């Protein structure tokens, strides 16, 4: 029973370890999903900013090209053509400030991407750890199954042992009753012999019964079962 209790405690401990492992795996998986979602959102945001800056840069190049072409002209028509671009220098200055600001934002976003890459590397490490934990989980399940099988085997052996003990106890009680009956018969026979010591009828008719009773008591006292050797020795003594 103590061994069974110990096995049940070991099984419960393994189950607790299994539950903790599964909770850890679930938390790691949830963290992985959140990191992937944040990374995708940041990538899309940076892509939009890059596309906007590319478009603005191309527009600025087109304006600068037209401005340079206009500067090469010296006619009144060329001067009139330059009228729409009289504020281009200010526009260029403003655009430069915007570009610098965007570059700073890009630098910040690049830093975030670098941090996310580190997180991704950590996630790879976590995935490897998850695989290790999964393997440990499989090992724990195998140990639980083995302990359950051993527990069932011990329970069956315990039940068989209990049944054997009960059978042996019943047999001992039966032999004890037989022994008491034989002792009573012996005492009765001895009493008759005391009262009728010279009776030829008692000597010839009761002597075999007396010898049989003594043999039975000796055999039962030697281990609650008779043997051929014991019977042979008693017969030779007779």
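In this note's numbering, the protein residues as written are 179 to 416. Using N, Cα and C, we set each Cβ at its ideal position, and we do this for glycine too. Since we're looking at a predicted model, the values are computed, not measured.
- Judged by DSSP in its simplified three-state form, residue 265 adopts coil rather than helix or strand.
- Residue 284 holds the alpha-carbon nearest to the alpha-carbon of residue 226 among 330, 284, 204.
- Between residue 328 and residue 182, the alpha-carbon positions lie close to 9 Å from each other.
- Taking all protein chains in view, the Cβ of residue 368 is surrounded by fewer than 16 other Cβ atoms within 10 Å, so the residue is classified as exposed.
- Ranked by how close their Cα comes to the Cα of residue 196, the residues 314, 326, 234 have 314 in first place.
- Around the beta carbon of residue 192, a 10 Å sphere encloses 16 or more other beta carbons of the protein chains shown; the residue is thus reported as buried.
- Within its own chain, the residues whose Cβ lies closer than 7 Å to the Cβ of residue 326, once the five positions on either side in sequence are excluded, are 189, listed in chain order.
- Between the beta-carbon of residue 241 and that of residue 304 there is about 50 Å, and that puts the pair past the 8 Å contact cut.
- Cβ contact annotation for residue 294 (same chain, cutoff 8 Å, sequence separation greater than five): 213, 216, 217, 220, in chain order.
- With contacts defined by Cβ atoms closer than 8 Å, residue 203 and residue 308 form a contacting pair.
- Annotation: the stretch 337 to 365 contains no complete segment of the beta strand (DSSP E) (minimum length 3 residues).
- Residue 286 sits away from residue 224, with the two beta carbons spaced by 8 Å or more.
- Of the candidates 332, 245, 281, 317, 281 places its Cα closest to the Cα of residue 232.
- The Cβ-Cβ distance between residue 273 and residue 299 does not fall below 8 Å.
- The C-alpha of residue 292 lies about 43 Å from the C-alpha of residue 321.
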